[in-house]
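With positions in the sequence shown counted from 1, the corresponding number in the numbering used here is that position plus 5. Single-structure report; data block below.
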Amino acid sequence: MGFFMESVLLELLCLLLLVIYLFYKYHTKYYNYWKYQGVPYKEAVFPFGSLKSVTLRQIHTGEAYNKVYNEFPAERFLGLIELGKPSLLIRDPELAKRILVKDFQHFVDRSPLIVVPKDGISRNLALLSGSEWKNMRYKLTPTFTSGKMKMMFILMEKCSEQLKEFLIAKVEENKPIDAKDLLGRFTMDIIATCSFGLDTNSLKGNSEFVQKLGSVMKASRPSFIAQMIALFVPKWFMGIIAEKLTNSEVGDFLVQVVKDTVEYREKNHVTRNDFLDLLIKIGHNKITNDEVKYDATTESNSTEGLTIEEMTAQAFVFFIAG
């Protein structure tokens, strides 16, 4: 009996060691990728990759990139390992210009490190890829002209007046003000009115919109635990997790908000000159690219408008981007 137990424990130990070894090989298979490519690179540290300080949340991502950027002053570009995958950091301005302008049609996809469900409010310009991104970019290009943006200024001005009135009242009451919370609410009011056409006025209280979207903003930064899981879990499995853990409540709520707003405006012939107004026009193919300079990276053969879900997705990313 004792020999049998020892044999089982030995087999389990061997199995565990094999799993650990296979995991190590899987996670480090790209650690020498840039070395073999002859590209200068930042050494990767298992299991954190090239940006250990970011994974451990010691410094901000932007600060980490800036630090690595300055470590290679003589190079046009350098290689990194992020979450076990190779990535390239561009230093040369001319090369960056080619990637972002001239050859942008070859670099439209987002980082493969990002894994999100491809439905609902995730189907926005920031997360689409390939032909889907190209078609959506083509449709949305007219909405971001300077003239269209200027028309939203009057909406921002109204929010500014509400902030002014709130501050005057607080000064008269001689009460302290939480500046961070105040400016966060002010920002939410501006984005809500410009992207969803809602007058939230969160300075006077939390509407349902403010409560639900506020929770999204608080949870927008990945937790340390989530980052650590991403280090060890294959991308295909992360896709399954993302599908299972996505909170559909906020998405369903926003879709209903946009649907109700669109129906009300169309029924009552309301025009507000906000972002949702522009999306409605695109939805009915009433807005064109005529005023936008021709750009091969955004040309598309798509003649379809936008569905309510697609409108919601674009308005949502407008909200998140601020």
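Each residue gets a CB set at the ideal place from its N, CA and C atoms; glycine is no exception.
- Taken through DSSP and simplified to helix, strand or coil, Ser212 comes out as coil.
- Pro45 is positioned such that its CB atom lies closer than 8 Å to that of Leu83.
- Burial check for Cys19: the Cβ neighbour count within 10 Å stays below 16, so the residue is exposed.
- Shortest Cα-Cα distance from Tyr31 to any of Pro52, Gln42, Lys47 involves Pro52.
- Ile95 is bridged by DSSP to Phe82.
- In the DSSP assignment, Tyr41 falls within the unbroken alpha helix (DSSP H) covering 38-42.
- Note: Tyr46 is bridge-paired with Gly84 in the DSSP secondary-structure output.
- Between the beta-carbon of Cys199 and that of Leu160 there is about 6 Å, and that keeps the pair under the 8 Å contact cut.
- By the criterion of at least three beta-carbon pairs nearer than 8 Å, the segment 142-156 is in contact with the segment 277-288.
- Under the three-state reduction of DSSP, Gly54 is assigned to strand.
- Rounded to whole angstroms, the separation of the alpha carbons of Phe280 and Tyr35 is 43 Å.
- Put simply, the backbone Cα of Lys185 is about 30 Å away from that of Arg277.
- Pairing Asp257 with Asp282, the inter-Cα distance amounts to about 20 Å.
- Going by DSSP, Asp282 is part of the alpha helix (DSSP H) stretching over 280-288.
- DSSP places Ser136 inside the alpha helix (DSSP H), whose first and last residues are 135-145.
- DSSP places Lys180 in the coil class of the three-state scheme, outside both helix and strand.
- Measuring C-alpha to C-alpha distances from Pro98 to each of Gly219, Leu17, Lys107, Lys272 identifies Lys107 as the nearest.
- Burial check for Gly202: the Cβ neighbour count within 10 Å reaches 16 or more, so the residue is buried.
- If you look at Glu271, you'll find it in the alpha helix (DSSP H) that goes 253-273.
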